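Report on the structure given below.
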Amino acid sequence: MDLTLNIWRQTSKDSAGNFETYQLKDINEHMSFLEMLDVLNEQLEGQGKEPVAFEHDCREGICGSCGLMINGAPHGHLPRTTTCQLHMREFKHGDNITIEPFRAGAFPVLKDLVVDRSALDRIVQAGGFISVRTGSAPDANAVPVPKDEADRAFDAATCIGCGACVASCPNAAAMLFTGAKVTHLGLLPQGQPERYDRVTKMVHQMDKEEFGHCSNFGECTVACPKGIPLDVISQMNRDLLVAQLKGRSA
Amino acid sequence: MTWLKQFLSSSIGLKIVMALSGLGLFGFVIAHMLGNLQVFLGAEKFNAYAAMMQGNPLLWPARIGLLGMIFAHMGSAAALVLRSNKARPTGYKSHQWLSGSYAVRTMRFGGLVLLAFIVYHLLHMTVGTAHGEFRHCMSDGAGGLTCFAYQNLVSGLMNPAVASAYIVAQVALGLHLAHGVWSLCRTLGLGNPRYDLLARRAALSFGGLITAGNCAIAIAIVAGLVKLP
Chain U
88 MDLTLNIWRQ
98 TSKDSAGNFE
108 TYQLKDINEH
118 MSFLEMLDVL
128 NEQLEGQGKE
138 PVAFEHDCRE
148 GICGSCGLMI
158 NGAPHGHLPR
168 TTTCQLHMRE
178 FKHGDNITIE
188 PFRAGAFPVL
198 KDLVVDRSAL
208 DRIVQAGGFI
218 SVRTGSAPDA
228 NAVPVPKDEA
238 DRAFDAATCI
248 GCGACVASCP
258 NAAAMLFTGA
268 KVTHLGLLPQ
278 GQPERYDRVT
288 KMVHQMDKEE
298 FGHCSNFGEC
308 TVACPKGIPL
318 DVISQMNRDL
328 LVAQLKGRSA
Chain W
36 MTWLKQFLSS
46 SIGLKIVMAL
56 SGLGLFGFVI
66 AHMLGNLQVF
76 LGAEKFNAYA
86 AMMQGNPLLW
96 PARIGLLGMI
106 FAHMGSAAAL
116 VLRSNKARPT
126 GYKSHQWLSG
136 SYAVRTMRFG
146 GLVLLAFIVY
156 HLLHMTVGTA
166 HGEFRHCMSD
176 GAGGLTCFAY
186 QNLVSGLMNP
196 AVASAYIVAQ
206 VALGLHLAHG
216 VWSLCRTLGL
226 GNPRYDLLAR
236 RAALSFGGLI
246 TAGNCAIAIA
256 IVAGLVKLP
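Chains as they are written, first to last, in the working numbering: chain U, 88 to 337; chain W, 36 to 264.
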């Protein structure tokens with residue numbers, strides 16, 4: 088298939104960027120979206136031009152590196168799919184594809200389509216962990232966990248930190264991301280001692296990074312390649328309220 | 036009290052201020068509609084209700100409370116909109132909505148429509164300056180009040196243009212509640228799937244009921260079903 092790509096090009100963090108148009112011919116429909124970009128970059132290098140910088144790592148849909156805004160949807164229009172797992176068969180011959188970096192004040196563009204998502208790491212550093220030695224894997228059933236809470240914690244734990252929630256949110260909020268961490272650790276027995284300190288510290292850091300707030304649009308949960316449910320945000324709100332009652336602060 | 040300042044100025048704290056003030060205003064809107072539906076019981080009953088409200092010692096505390104809630108609601112909204120604009124300084128060239136109801140996309144604009152309506156409505160039906168034939172309550176000489184709320188309401192809404200403005204505002208209010216009531220439940224931590232569906236349906240129903248109830252009054256007056264005595 089032949090495609091027209093409109094890609095955001097920006098040489099460095101501080102330079103102004105602009106959209107460039109590229110034509111691609113004979114793209115195989117079995118290629119992944121990233122392989123299609125590899126083809127483009129080979130073409131550009133052949134012409135002596137600077138290839139398009141984009142982030143990628145595992146190409147298996149589990150590392151969270153390959154976040155691109157494709158035609159106005161993070162990771163493209165296909166539900167529960169990362170950019171690397173999006174295949175060209177989802178597009179048609181002659182399609183016009185706009186590719187942009189994830190946009191948020193907290194995600195500065197480093198080059199072309201690569202953004203700095205360290206703000207998410209700093210939210211995790213603020214409290215998204217358990218500070219005791221966990222040792223080796225415990226015996227099964229040594230620590231009882233109710234089945235539905237284990238399921239909810241596991242759903243939240245599938246977050247790969249790609250930032251699609253932030254990219255899709257009209258307020259550029261990191262609520263789904265932070266809510267997922269708070270829910271994942273807060274529902275499990277090992278996470279209890281630090282539960283309420285964790286939520287206040289993580290929310291404080293999230294605000295410090297200047298992410299937006301939640302208006303309950305619900306875009307994030309649809310954009311999320313792991314389909315993390317919106318109720319993790321409500322869980323975070325509830326934990327933050329309880330933390331106030333318990334007198335915890337960041 | 037630094038913890039309180041820190042909590043209330045956090046993005047979630049501001050949302051909680053918005054949710055609690057919204058909940059209070061939602062309660063007022065229900066009571067206001069139920070009170071006004073008494074217009075269908077006739078002039079005497081409605082004017083007696085108005086006299087009871089006007090002569091109530093709790094009138095001013097309630098008004099001040101309502102005003103406080105409106106300021107808290109608007110203030111938290113304004114603070115959050117400013118942060119939200121800062122959170123995405125550069126927008127997208129192409130954008131597609133992935134979900135989200137129509138109601139949620141109208142929250143900010145609809146809120147401004149409601150603010151304009153509240154100002155007009157107060158000048159129209161409370162202060163009376165935006166009303167050609169407004170009559171204030173008078174002392175009945177026996178320690179009570181004689182009110183003309185029925186006459187004010189009917190003569191004020193007989194003009195189809197005025198009634199249309201009221202109807203538009205009620206549709207805006209219905210949309211605002213259809214998202215707002217659900218959203219405030221989530222903000223206050225009721226996001227559990229069991230409550231979520233209930234809250235979503237309750238929000239839609241209340242939004243619809245309030246729009247229908249209030250519009251019924253305006254439509255009945257324009258249609259001549261409710262007329263001056």
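Think of the CB as a built atom: it goes at the ideal place given N, C-alpha and C, for glycine as much as any other residue.
On a predicted model such as this, the values are computed, not experimentally measured, just so you know.
Within the segment 148-190 of chain U, the complete beta strand (DSSP E) segments at least 3 residues long are 183-187, listed from N- to C-terminus. The bridge partners DSSP lists for U/Ile94 are U/Glu107, U/Ile186.
Rounded to the nearest whole angstrom, the CA to CA distance from U/Arg209 to U/His180 is 42 Å. Pairwise C-beta distances place the segment 151-164 of chain U in contact with the segment 248-260 of chain U, as three or more of them are shorter than 8 Å. The continuous stretches of alpha helix (DSSP H) do not include U/Lys100, and DSSP gives it neither H nor E. Relative to W/Ser46, the option among U/Met323, U/His300, U/Cys311 whose CA is nearest is U/His300. Pairing U/Cys307 with W/Ile202, the inter-Cα distance amounts to about 34 Å.
For U/Gln110, no Cβ of chain W is located within less than 8 Å of the residue's own Cβ.
Not a single C-beta of chain U is nearer than 8 Å to the C-beta of W/Gly146. If you draw a straight line from the Cα of U/Gln97 to the Cα of U/Val196, it is about 8 Å long. When Cβ-Cβ separations below 8 Å define contact, W/Met109 makes no contact with chain U.
Collapsing the DSSP output to three states places U/Phe298 in coil.
Taking 8 Å as the CB threshold, U/Val201 stays off the interface with chain W.
Contiguous alpha helix (DSSP H) elements confined to the segment 179-243 of chain W occur at 184-192, 195-222, taking only those with 4 or more residues.
Take the alpha-carbon of U/Met262 and the one of U/Ile184: they are about 29 Å apart. For U/Asn303, the closest alpha carbon among the candidates W/Tyr137, W/Ala207, W/Asn82 is that of W/Tyr137.
Among the bridge pairs identified by DSSP, U/Lys198 is matched with U/Val201.
Taking a Cβ-Cβ threshold of 8 Å, the residues of chain U close to W/Tyr127 are Met156, Gly159, Glu187, Arg190, in chain order.
Cβ contact annotation for U/Val126 (same chain, cutoff 8 Å, sequence separation greater than five): Leu111, Ile114, Met118, in chain order. Using a Cβ-Cβ cut-off of 8 Å, W/Met36 does not count as an interface residue toward chain U, since no Cβ of chain U sits closer than that to its own.
Within chain W, the residues whose beta carbon sits less than 9 Å from that of U/Asp294 are Ser44, Ser45, Ser46, Ile47, Arg118, listed in sequence order. Taking C-alpha positions only, U/Ser336 is separated from W/Ser44 by approximately 13 Å. Between the alpha carbons of W/Ala151 and U/Gln212 lies a gap of roughly 45 Å.
Interface with chain W (8 Å Cβ-Cβ cutoff): U/Glu107 is excluded.
A direct Cα-to-Cα measurement between W/Leu192 and W/Gln186 gives close to 10 Å. W/Met53 is bridged by DSSP to nothing; it lacks a bridge partner. For W/Lys50, the C-beta contacts it makes with chain U under 8 Å involve His300, Cys301, Asn324, in order along the chain. By the Cβ neighbour-count rule, U/Leu90 is buried, with 16 or more other Cβ atoms within 10 Å of its own. According to the DSSP secondary-structure assignment, W/Met173 is paired through a beta bridge with W/Thr181. Contact check between the segment 92-106 of chain W and the segment 57-75 of chain W: three or more CB pairs, one atom from each, fall below 8 Å, which counts as touching. U/Ser119 is bridged by DSSP to U/His174. Here U/Trp95 is buried: its Cβ has 16 or more other Cβ atoms, across all protein chains shown, within 10 Å. Beta-carbon to beta-carbon, U/Arg190 and W/Tyr84 are separated by about 54 Å, too far to satisfy the 8 Å threshold. The Cβ neighbour count for U/Asp326, taken over all protein chains shown within 10 Å, is at least 16; the residue is labelled buried. Annotation: Cβ neighbours of U/Asp318 in chain W (cutoff 9 Å, chain order): Arg221, Gly226, Asn227, Pro228, Asp231.
Contact between the segment 258-276 of chain U and the segment 218-225 of chain U is not established, with fewer than three Cβ pairs separated by less than 8 Å.
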